[in-house]
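>
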Amino acid sequence: MAIVRSVWELHVGDRVTQRNRSMDVFHRQGADWRILRSINYPEKAARP
């Protein structure tokens, strides 16, 4: 089993307008990895 955390950002010009945090849980099936669960959390981007 493996867990991957990531942050995705949408850039419009020089600003980040949207940010999502995600966590994916993988499990091994034979020689392949399969996604068991994927969770996404939208968050407000910081305003300059």
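Residue numbering for the sequence shown follows this note's numbering, beginning at 10 and increasing consecutively. Glycine included, each C-beta is placed from N, C-alpha and C at the ideal position. The model shown is predicted, which means the values in this text are computed figures rather than measured ones.
1) Quick one: what's Leu19 bridged to in DSSP?
2) Under three-state DSSP, which class holds Met32?
3) Out of Val25, Ile48 and Ser31, point me to the one whose CA is closest to Val16's CA.
4) Whole-angstrom Cβ separation of Val13 and Leu19, contact assumed at under 8 Å?
5) For Ala11, does the three-state DSSP call read helix, strand or coil?
In short:
1) Gln27
2) Residue state, collapsed to three classes: strand.
3) Ser31
4) Actually they are not in contact, since the Cβ atoms of Val13 and Leu19 sit about 20 Å apart, beyond 8 Å.
5) Residue state, collapsed to three classes: strand.
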